[in-house]
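Asker: My questions all concern the structure below.
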Amino acid sequence: MSDAKTATERYLAQVRKELSSLPKRDANDLVAELRSHLNESCAEHQDDAVVAEVLAEMGEPRELAQRMIAERIAGAGLGRVPLATRATASVVDALLAVAPLLLAAVALMIAWRLGGHPSVRRVAFTVVVGLLAAAWLVYLVLYAMRVRRRDFRTPGRVLLGLTTTVDNGHRRVAYAAEVAALSGQAPVRRRQSLLLVATLAAVASSLLALLLVVGYAGFYARSSVSESWGSTGGVSDERLSGTIDRFYAALLHRDAPGLARFASGTAESSATILVREADRVVLSLYMVHWGANDTAYVWERVGGESLQGPGQDRWRLATLRTKTVADRVIVLSIVRSPLISGDQSGQGLSGPDVVSAEQNVFGWISGPDAGHQPVEAATFRQSGGQRFIDENRGKTREWQDGPVERVDTSGTHGFWITVTALDANSRPTSRWRLLFEDAAGGQNPVVSRAERLS
Amino acid sequence: MDGFGSWIAQMRKGIVEVLILLLLRDEELYGYLIVQRLKEAGHVVAGEGTVYPVLRRLEAGALVSARWSTTEGSNPRKYYAITGAGRVFLDQALAEWDALTRSMEGLRGAH
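Given below as structure tokens:
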């Protein structure tokens, strides 16, 4: 190797040594550019004198290296020129920055819409959290690429405070590292570790914050079905609410085994749940009725049986708005009436209180004494146990009642229903249109008129 | 370095980045050529030891972009090009320079 080449390599090695505190890629780039310059300068005259002159013009290796580091730090300041930031702002950057917030807003809406149904909520939350994680992952990868290019002009940080935390943290530590390198202290490795820890902490806290938002949405959705039941024999609202949720999930999904776990011995009832505390029944749900437009009605009863004695239990009507998607029934909302009083047989529940509380009126109806025989109005009394076809939905139901038509006669409330009477083998025998009225002052609705349709 | 020498060095150093942006306004150039053009400009004294650090500053500030050109058998060169932000910066710097010149001329004329 000639003396000129040796001198050049020695010079570049010294520069590289002074740049050792920088990332290897940056140091290589600087040295390569200096090498290129020296090659150009000495292309025509490779003698020692020319090389020495060129190297002298370059200056001392240490001084040159430190100046380059200093200028690069100053360059970061140039990059913060406002006009440069806004002029190059990218819509994609902004969208990436706010994407987690948009998704969180969607999560809130979904949780609110599907509140009260545990299985649906679980699925929705899984999807939402997955989307959030994916969006953040993409964003962070792109952001890391920017940081690698030392491009701190991230417009999105203005829109998202969490990103600003990461950004500023990185900028501060990076600046401190370069200043330290410039001054010869060079505790860069430690500072880079701090940078990594700070960045990871910021990212983790950002994700945690988003999960908290989603969690709050879940709490909010759950609170809509966790109303106070008042005195329930010591059973917590939370337990009651969870039991009700599981019951509705099994019921609406036609989950026979799931329903069986709630079965309480009422053979003819399709869905009855009794929540027991010791030997007392503190909560019962039953009498599912399907109305029009995928609306389900469920009586929820607090107390009863041995708890407080006849006339002391309380009831309320839960109206479930549902939607069937791919053979799955999901609950869109649950609206409950105020608690009202009634006795154990349920009489009196279709009185004015219920009528005024909910427009979804239905009564406590029983079937005829002999289902296969033509029936008369007078036979529609509370004797229990007969089945009809609910013409609203075209399916066989145990308790067939329904607000086919509502009338108001002589100051009392009543309603028409259309039913098909079944014989003992569940074969249809006749169709009837029945008028129920509570002529006795709203205490005991009975069939006051029956019109045979076929 | 005496007081005047220090002042003139600072002034020239401040001007170098504007001059480099002016050179890059219409074409891509590599470091060696930029140094040569500045030397040819005459009064501006900006050697290698000044130009390369300033190029580093401009690149870090995203006022210029850089790319390596490697052709087989020839010396690899790092080409610089002015960016949109660099053009805006240059326009502002030139406007400031004009205003400064006008002020100075006005003061000189008044005396």
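Residue numbers (the numbering used here), protein chains in the order written: chain A, 1 to 454; chain B, 1001 to 1111.
For glycine and all other residues, C-beta sits at the position ideal for the given N, C-alpha and C.
By Cβ distance, which residues of its chain are closer than 8 angstroms to residue 1025 of chain B, with the 5 residues on each side in sequence left out?
Answerer: Translated into positions along the second sequence, residue 1025 of chain B becomes position 25. Hits under 8 angstroms: 1082, 1087, 1090.
Asker: Does DSSP put residue 1062 of chain B in a helix, in a strand, or in coil?
Answerer: Locating residue 1062 of chain B in the second sequence gives position 62, where the first residue counts as 1. Note: residue 1062 of chain B maps to coil in three-state DSSP.
Asker: Going by C-alpha distance, which of B/1069, B/1006, B/1049, B/1055 is nearest residue 60 of chain A?
Answerer: Reading the first sequence from its first residue, position 60 is the one you call residue 60 of chain A. Residue B/1049 is the option with its Cα nearest to residue 60 of chain A.
Asker: Using 8 angstroms as the threshold, is the C-beta distance between residue 1040 of chain B and residue 1079 of chain B below it?
Answerer: By one-based count along the second sequence, residue 1040 of chain B stands at place 40. By one-based count along the second sequence, residue 1079 of chain B stands at place 79. Not a contact, by the Cβ cut-off of 8 angstroms.
Asker: I need the straight-line Cα distance from residue 1068 of chain B to residue 1109 of chain B, nearest angstrom please.
Answerer: Position 68 of the second sequence, counting from 1, holds the residue named residue 1068 of chain B. Position 109 of the second sequence, counting from 1, holds the residue named residue 1109 of chain B. Rounded to the nearest angstrom, the two C-alpha atoms are 49 angstroms apart.
Asker: Under 9 angstroms Cβ-Cβ, which residues of chain A neighbour residue 1028 of chain B?
Answerer: Within the second sequence, the letter at position 28 stands for residue 1028 of chain B. Simply none; closest approach about 15 angstroms.
Asker: Going by Cα to Cα distance, which pick from A/138, A/11, A/17, A/39 is closest to residue 1073 of chain B?
Answerer: Residue 1073 of chain B sits at position 73 when you count from the first residue of the second sequence. Checked all of A/138, A/11, A/17, A/39; the closest Cα to residue 1073 of chain B is A/39.
Asker: For residue 8 of chain A, is the classification buried or exposed, using 16 other Cβ atoms within 10 angstroms of its Cβ as the cut-off for buried?
Answerer: Working through the first sequence from its first residue, we reach residue 8 of chain A at position 8. Under this definition residue 8 of chain A is a buried residue.
Asker: Between the Cα of residue 1047 of chain B and the Cα atoms of A/48, A/49, A/32, A/64, which residue gives the shortest distance?
Answerer: Taking the first residue of the second sequence as position 1, residue 1047 of chain B is located at position 47. The shortest C-alpha separation from residue 1047 of chain B is found at A/64.
Asker: DSSP three-state label for residue 19 of chain A, please.
Answerer: On the first sequence, position 19 is the one that residue 19 of chain A refers to. It is coil, neither helix nor strand.
Asker: Alpha carbon to alpha carbon, what distance is there between residue 16 of chain A and residue 1106 of chain B?
Answerer: Working through the second sequence from its first residue, we reach residue 1106 of chain B at position 106. Working through the first sequence from its first residue, we reach residue 16 of chain A at position 16. Approximately 49 angstroms, taken between the alpha carbons.
Asker: Identify every residue that forms a DSSP beta bridge with residue 1069 of chain B.
Answerer: Here residue 1069 of chain B corresponds to residue number 69 of the second sequence, with the count starting at 1. Its beta-bridge partners are B/1077.
Asker: Go ahead and label residue 13 of chain A buried or exposed: buried means 16 or more other beta carbons lie within 10 angstroms of its beta carbon, across all protein chains shown.
Answerer: Numbered from its first residue, the first sequence carries residue 13 of chain A at position 13. With fewer than 16 Cβ atoms within 10 Å of its Cβ, residue 13 of chain A is classed as exposed.
Asker: Hey, could you find the ends of the alpha helix (DSSP H) residue 1115 of chain B is sitting in?
Answerer: Since the displayed chain B opens at 1001 and closes at 1111, residue 1115 of chain B lies outside it and no answer follows.
Asker: So residue 1052 of chain B contacts chain A; which residues on that side make the cut at Cβ distance below 9 angstroms?
Answerer: In the second sequence, counting from the first residue as 1, residue 1052 of chain B sits at position 52. Chain A residues near residue 1052 of chain B: 30, 33, 34, 37, 58, 64, 67, 68, 71.
Asker: List the residues of chain A that residue 1078 of chain B touches, going by C-beta distances under 7 angstroms, in chain order.
Answerer: Counting from 1 along the second sequence, the entry for residue 1078 of chain B is found at position 78. What residue 1078 of chain B touches in chain A: 33, 36.
Asker: Label residue 58 of chain A either buried or exposed according to how many other C-beta atoms from any shown protein chain fall within 10 Å of its C-beta, with 16 as the threshold for buried.
Answerer: In the first sequence, residue 58 of chain A corresponds to position 58, counting from 1. Buried, since its Cβ has 16 or more Cβ neighbours within 10 Å.
Asker: Can you tell me where the alpha helix (DSSP H) with residue 27 of chain A in it begins and where it stops?
Answerer: Residue 27 of chain A sits at position 27 when you count from the first residue of the first sequence. Counting along the chain, the alpha helix (DSSP H) containing residue 27 of chain A begins and ends at 24-41.
Asker: Checking contacts by CB at 8 angstroms: is residue 20 of chain A closer than that to chain B?
Answerer: Start at 1 with the first residue of the first sequence, and residue 20 of chain A comes out as number 20. Answer no: the Cβ-Cβ gap between residue 20 of chain A and chain B never drops below 8 angstroms.
Asker: Using only the alpha-carbon positions, how far apart do residue 487 of chain A and residue 47 of chain A sit?
Answerer: Residue 487 of chain A lies beyond the stretch modelled for chain A, which goes from 1 to 454, so this question has no answer here.
Asker: Please list the partners that residue 40 of chain A has in chain B, where partner means a Cβ-to-Cβ separation under 7 angstroms.
Answerer: As a first step, residue 40 of chain A is located in the first sequence; it is residue number 40 there, counting from the start. Within 7 angstroms Cβ-Cβ: 1032, 1075.
Asker: Using 8 angstroms as the threshold, is the C-beta distance between residue 32 of chain A and residue 1076 of chain B below it?
Answerer: Numbered from its first residue, the first sequence carries residue 32 of chain A at position 32. Numbered from its first residue, the second sequence carries residue 1076 of chain B at position 76. Yes, they are a contact pair.
Asker: Considering only residues of the same chain and omitting the five flanking positions on each side of residue 41 of chain A, which have a CB-CB separation below 6 angstroms?
Answerer: In the first sequence, the residue the question calls residue 41 of chain A occupies position 41. Excluding sequence neighbours, residue 41 of chain A sits near 54.
Asker: With DSSP as the reference, please indicate the residues paired to residue 1029 of chain B in a beta bridge.
Answerer: As a working mapping, residue 1029 of chain B is identified with position 29 in the second sequence. B/1080.
Asker: Can you tell which of B/1031, B/1007, B/1018, B/1017 has the C-alpha that lies nearest to the C-alpha of residue 1066 of chain B?
Answerer: Mapped onto the second sequence, residue 1066 of chain B falls at position 66. Taking only the C-alpha atoms, the option nearest residue 1066 of chain B is B/1031.
Asker: Could you give the distance in angstroms between the alpha-carbon of residue 1063 of chain B and the alpha-carbon of residue 1053 of chain B?
Answerer: Residue 1063 of chain B sits at position 63 when you count from the first residue of the second sequence. Residue 1053 of chain B sits at position 53 when you count from the first residue of the second sequence. Residue 1063 of chain B and residue 1053 of chain B: Cα-Cα distance of roughly 14 angstroms.
Asker: CA-CA distance, residue 1010 of chain B and residue 1084 of chain B?
Answerer: Reading the second sequence from its first residue, position 10 is the one you call residue 1010 of chain B. Reading the second sequence from its first residue, position 84 is the one you call residue 1084 of chain B. The straight-line gap from Cα to Cα measures roughly 27 angstroms.
Asker: Measure the C-alpha to C-alpha separation of residue 1042 of chain B and residue 1097 of chain B and round it to an integer number of angstroms.
Answerer: Within the second sequence, the letter at position 42 stands for residue 1042 of chain B. Within the second sequence, the letter at position 97 stands for residue 1097 of chain B. Their Cα atoms are separated by approximately 19 angstroms.
Asker: By Cβ distance below 8 angstroms, which residues in the same chain neighbour residue 19 of chain A in space, the five residues on each side in sequence not counted?
Answerer: Position 19 of the first sequence, counting from 1, holds the residue named residue 19 of chain A. So the list reads 26, 27, 30, 31, 65, 68, 69, once near-sequence residues are dropped.
Asker: Contact check, residue 1019 of chain B vs residue 1038 of chain B under 8 angstroms by CB: the rounded distance?
Answerer: Within the second sequence, the letter at position 19 stands for residue 1019 of chain B. Within the second sequence, the letter at position 38 stands for residue 1038 of chain B. Confirmed, Cβ separation roughly 6 angstroms.
Asker: Do residue 1056 of chain B and residue 71 of chain A have their CB atoms nearer than 8 angstroms?
Answerer: Position 56 of the second sequence holds residue 1056 of chain B. Position 71 of the first sequence holds residue 71 of chain A. In this structure, residue 71 of chain A lies closer than 8 angstroms to residue 1056 of chain B by Cβ.
Asker: Can you give me the C-alpha to C-alpha distance between residue 1070 of chain B and residue 37 of chain A, rounded to a whole angstrom?
Answerer: Here residue 1070 of chain B refers to the residue found at position 70 of the second sequence. Here residue 37 of chain A refers to the residue found at position 37 of the first sequence. Their Cα atoms are separated by approximately 14 angstroms.
Asker: Looking at the C-beta of residue 956 of chain B, does it have a partner C-beta in chain A at a distance below 8 angstroms?
Answerer: Here chain B comprises residues numbered 1001 to 1111, so residue 956 of chain B is not present and cannot be evaluated.
Asker: May I ask you to report which of helix, strand or coil DSSP gives residue 1041 of chain B?
Answerer: Counting from 1 along the second sequence, the entry for residue 1041 of chain B is found at position 41. Reduced to three states, the DSSP call for residue 1041 of chain B is coil.
Asker: Exposed or buried, residue 4 of chain A, counting other C-beta atoms within 10 Å across all chains shown (16 or more means buried)?
Answerer: In the first sequence, residue 4 of chain A corresponds to position 4, counting from 1. Residue 4 of chain A should be labelled buried.
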